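First the structure, in the form of structure tokens, and then the observations on it.
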């Protein structure tokens, strides 16, 4: 290209292009398009900007720390074990104040087991489903079908529990302390009221309207919020999820960022009522004067609580605002494109040549 | 503006605009553009709508509850400890039926340790890498280089294990009960067949084709599915991940929403075979008649299992459908825009004046 | 339609459409639009493609395995308990090498508790806030206000700790072994240098510049990186989060994919300094010669460490590249659309009839 050409090219580069428009006087069509456009405008402003808060930068992950503490004691009285006092150090397993913990509501004790030889099951339980408690020696009694085992003797009694020994556990209270941090926004908050007044936490009890900052829950109330009965659940055990949701608009005041609690039973289908409960075994080991080991085996039934923390926060930021508005414009442009496509079919008296605008072009 | 102007403005608002088109008769170019458009159309329909299920509302988070239970006993016979029977209450740590648990496959026992003064390492191990077992008193023996410590005596023997004492642990079975809930769709399901027939679970064994609803896994099989050998892993321990994936299309039948299990070894690089195993120590504390404490220290080697549950579900919803189709149109519009740009370079005989359409306009 | 019509339609389908353009010679406007366009172009290339790596397929979830191991012993000397040696098997709870663990830094021991009857609180603590240690029998002493309980006697002394008994715990070291896997890219890596030389790990200490592959942290240093003092925290306890981030560009070399560690205190508000610490109780059970149970109750204060692993990786993939570039074009189109809209207001001398282009059309 010559010098002149380059000059024209460069000047042209700084000019501006527009198109010739033809105004179609079809009022009926015009009205329906306007209505459609208003819908889109409402979608962009109402849904994207106002409802979905498209003008905010979001943080979907939260750093969370949960500490739990149980209070309450219960005295049990069983024929095998006699009187026994259960404190939080015993009935919370593990006792470390975790996010996931198990509370004993029923148990079966097999005291003073020693390694030795005995019959596979205790006489009263022949024919029941067996918990393998040892290695078979090969000696079997034909008359009953029981075999001798080498294991911890006497073996555990097999029976299905009918009532909960720690039924009073429904009066225990759980204190859930939850700290959350949104590192992107340098924001942190706790679910406990920052009064410096310790006695508040000693008296209060959670109420989502009156006392949202008192995260102390009575066990019985907590289970009944899942739609189940504590006493039913206590017999064979179960699993409960406690969901804490922090959905914070950080453009608002600090006091507006509050946790929302919800409670669900996790071990049962919505369309079924069958559960096999929750139980496990643990043992406490002792040594006698001769240095011989013996143990007490506990089969404990109870409720496992699983505290799940979700959090998301949003705060005004220029970049998502520009993108949200830009997307809005793009959708509006799309609508306009679609309108033009429909219009050209309905009325093409103004478009002059060509008479047959092929369909293909407009589907684009 | 006068009243008339407003009236014209308002009427104009209800009219409709179109553009004058010029048809370019370039068949070669036309064909290639059509092919391109078909590709885009196939992308929108095939990929976005059919493959990615763009017409569905999605839930990516799942509420999950996992309960595990191990079965099996093994009798060990070591020179230090003699015969010992390991039940699930001993070899599963913690025994609470958690999602993350450790199974003892090998161990080293140091019985009857008492607080006192002794040599840093037992004689047979001078020169080995040391586990700090106490506080040095300052007294050292020049001839051997060992120093006296104040700690739990006798100290643990240092030696690298060569064989697994609980090698029969490969016959243990893990029962994994997993409940999932998609709260958005009020859908919940378990990985266990809801038969009400307990004996089914006593006999069955997992098979991804024949018995997908029997989540009972033999330990040895489970490890071999990760591509490793149980006996190798049992000596110094390791870490195995069990991934349960629920990828459910809730527009289909309830029975079509099934878990998919996968197994990976987590403690080993793909391009390396070095592992330092998995072991830790714990102690059992006793008191003698005089009230003096003594303990048995266990160094246990074993396999840590980590059950990870992922879930996502989708169900038809009008909003994502509209958005998916809308996006499709937008892409089509984009393609059309691009085509026009290319075309104006290839053939501008129909565009009349101006002759030099600046490049800049079309890059837009 | 006749055959001819179909033929024209079909041929038209393979033709190509363009528009008549009018070049507006408004240099001022042209320049500002060019500047705007360059901004958009920079956004697409600089932000979307280069900074956000829009040409990569991403994996946001990571399979992770964490093993922790603590080293160090400390000898405590308290008036109640006398000399006692704390090893990792005692001060790490649970001792299993988990991702979440608690380290004892202070404790209160109540030895030789037996089930029986005693006064609610020990005499020295009348009036203090009480830990419920048993079931009230109903007998109360009017003079002091204390009541008799049936529980584990003697009850725990109530007092607020003033100094940490395990203050030397700041010299303990934590070894954090972390394996990550990105299954989508079949990539796995560990935070430990793969030397095969065990002695390296025995001598090294973490330094983010000099030794990024030595994940061994001194406890005191680790806490001080959160901006808090270990000795302050050790008295009543607290909660620390260790975040390991793997942000890997797998188009680069294997050695460029490194973890980034960060440390935060989780139990304290950013705008507050109040913490209630972290403590819990556990008991060790014993049996005397007569088979009677007694126990030692420990109230332990300490620091809970929570290791959180985040990971995301990206690798070149053709599909996101096409989408990123396509989106860029769409935004450019949008800008061009907006320009045309502005232009038609500023200068409409070239557009001829109609004189009044209604606003509505351009908002689209």
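Residue numbers (my numbering), protein chains in the order written: chain A, 6 to 369; chain B, 6 to 369; chain C, 6 to 369. Every residue gets a Cβ at the ideal spot worked out from N, C-alpha and C, and that includes glycine. The structure presented is a predicted model; accordingly, all values stated were derived computationally and were not measured.
Under a criterion of Cβ atoms nearer than 9 Å, the residues of chain C adjacent to residue 302 (chain B) are, in order, 92 and 94. Residue contact with chain A for residue 155 (chain C): present (Cβ-Cβ distance below 8 Å to some residue of chain A). Residues of chain C with a Cβ closer than 9 Å to the Cβ of residue 313 (chain A) do not exist; the shortest Cβ-Cβ separation is about 15 Å. With three or more CB-CB distances shorter than 8 Å, the segment 59 to 69 of chain A counts as touching the segment 314 to 326 of chain A. Shown here, residue 254 (chain A) sits in a strand according to DSSP, grouped into three states.
From the beta-carbon of residue 100 (chain A), the residues of chain C found nearer than 7 Å are 285, 286 and 287.
At a beta-carbon threshold of 9 Å, the residues of chain C lying near residue 272 (chain B) are 70, 72, 182, 184 and 195, ordered along the chain. Distances from the alpha-carbon of residue 73 (chain A) to those of A:197, A:289, A:46 and A:90 put A:197 closest. Chain C places no beta carbon closer than 8 Å to that of residue 67 (chain B), leaving this residue out of the contacts. Nearest to residue 108 (chain B) by C-alpha distance, out of C:324, C:101 and C:159, is C:101.
Per DSSP, the continuous beta strand (DSSP E) segment holding residue 153 (chain A) begins and ends at 152 to 158. At a cut-off of 8 Å, the C-beta of residue 294 (chain B) has a neighbouring C-beta in chain C.
By the 16-neighbour rule on beta-carbons within 10 angstroms, residue 182 (chain C) is buried. The continuous stretches of alpha helix (DSSP H) do not include residue 104 (chain B), and DSSP gives it neither H nor E. At a cut-off of 8 Å between beta carbons, residue 255 (chain C) makes no contact with chain B. Using a CB distance cut-off of 8 Å, residue 244 (chain C) counts as an interface residue toward chain A. The segment 114 to 124 of chain A and the segment 299 to 312 of chain A touch, with three or more beta-carbon pairs separated by less than 8 Å. Interface flag for residue 60 (chain C) against chain B is unset, since no Cβ pair is found closer than 8 Å. DSSP places residue 187 (chain C) inside the beta strand (DSSP E), whose first and last residues are 178 to 187.
Distance from the CA of residue 120 (chain B) to the CA of residue 283 (chain C), rounded to the nearest whole angstrom, comes to 29 Å. Counting C-beta pairs with one atom in each stretch, the segment 304 to 314 of chain B and the segment 238 to 248 of chain B have three or more that are closer than 8 Å, which means they touch.
Cβ atoms of residue 62 (chain C) and residue 322 (chain C) come within 8 Å of each other, at about 3 Å.
Straight-line measurement puts the Cα of residue 99 (chain A) at about 29 Å from the Cα of residue 169 (chain B). Looking at the DSSP output, residue 122 (chain B) sits in a beta bridge with B:155. When Cβ-Cβ separations below 8 Å define contact, residue 291 (chain B) makes contact with chain A. In the structure shown, residue 37 (chain B) adopts helical secondary structure according to DSSP, grouped into three states. Remark: C-beta atoms of residue 241 (chain B) and residue 71 (chain B) do not approach each other more closely than 8 Å. Shown here, residue 271 (chain B) sits in coil according to DSSP, grouped into three states, outside any helix or strand.
Taking 8 Å as the upper bound for CB-CB distance, residue 223 (chain A) and residue 268 (chain A) are not in contact here, some 12 Å apart. A check of alpha carbon separations from residue 285 (chain A) across B:227, B:312 and B:103 identifies B:103 as the nearest.
For residue 107 (chain B), the chain C residues whose C-beta falls within less than 7 Å of its own C-beta are 101, listed in chain order.
DSSP places residue 243 (chain A) in the strand class (E or B) of the three-state scheme. Proximity of chain A to residue 120 (chain B) at the Cβ level (cut-off 7 Å) is not reached, the minimal Cβ distance being about 17 Å. By a beta-carbon distance limit of 8 Å, residue 48 (chain C) does not contact residue 326 (chain C). Their separation comes to about 17 Å. Boundaries of the beta strand (DSSP E) around residue 305 (chain C): 298 to 321. Around the beta carbon of residue 43 (chain B), fewer than 16 other beta carbons lie within 10 angstroms, which makes this residue exposed.
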